[in-house]
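With the working numbering, you'll find the sequence shown wraps up at 247, consecutive numbering, no jumps. In this text, a Cβ means the ideal position worked out from N, Cα and C, and glycines have one as well. Given the structure is predicted, the values throughout are model-derived calculations rather than measurements.
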Amino acid sequence: MMLTGDHESSAWGVAKAMGISEVYSNLKPEDKLNQVKKSSRDTGKHYFSYYMKLIFNLFKIH
C-alpha cells in the first residue's frame with residue numbers, strides 16, 4: 186500500500202516501479218494517518234516499518 190499527497194498519475198508511476206498494487210493519492214497528512222490507523226485496525230498489522238522501507242527504496246531509485 187502506498188499513501189501519498191502526489192497526483193494519481195505520479196503515484197502510480199512510482200508504485201509500478203516499486204511493485205505496489207494499492208495506491209491512495211492526493212492525500213493530506215491527516216488522511217494518510219487516518220488510512221494507516223484504519224488499515225492497522227482492519228488487518229492487525231502495523232505499517233510503520235513498511236513505510237520506512239518504502240522511503241529508503243525511493244531514495245535508491247533517484
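Exercise for review: Give the C-beta separation of Glu215 and Met187 to the nearest angstrom, bearing in mind that I take them to be a contact with Cβ-Cβ under 8 Å.
Suggested key: For the purposes of this step, residue 215 is taken as residue 30 along the sequence shown, with counting starting at 1. For the purposes of this step, residue 187 is taken as residue 2 along the sequence shown, with counting starting at 1. Contact doesn't hold; Cβ gap of about 17 Å is too wide.
Review point. With respect to the alpha helix (DSSP H) encompassing Gly198, which residues constitute its N-terminal and C-terminal limits?
Key: By one-based count along the sequence shown, residue 198 stands at place 13. That run of the alpha helix (DSSP H) goes 193-203.
Exercise for review: Check the Cβ-Cβ distances between Ser210 and every residue of chain E, and say whether any is below 8 Å.
Suggested key: Protein chains in the displayed structure number just one, and chain E is not present.
Check your understanding: Hey, Leu212 and Thr189 are a contact pair by Cβ (cut 8 Å); roughly how many whole angstroms apart?
Key -> Residue 212 sits at position 27 when you count from the first residue of the sequence shown. Residue 189 sits at position 4 when you count from the first residue of the sequence shown. Leu212 to Thr189, Cβ: 6 Å. Contact.
Check your understanding: What did DSSP end up calling Leu218 once you bin it into helix, strand or coil?
Key -> Within the sequence shown, residue 218 is the residue found at index 33, counting from 1. Here Leu218 sits in helix by DSSP.
Point to revise | Those residues which DSSP pairs with Met186 across a bridge | key: As a position in the sequence shown, residue 186 is number 1, starting the count at 1. Answer is none; Met186 lacks a bridge partner.
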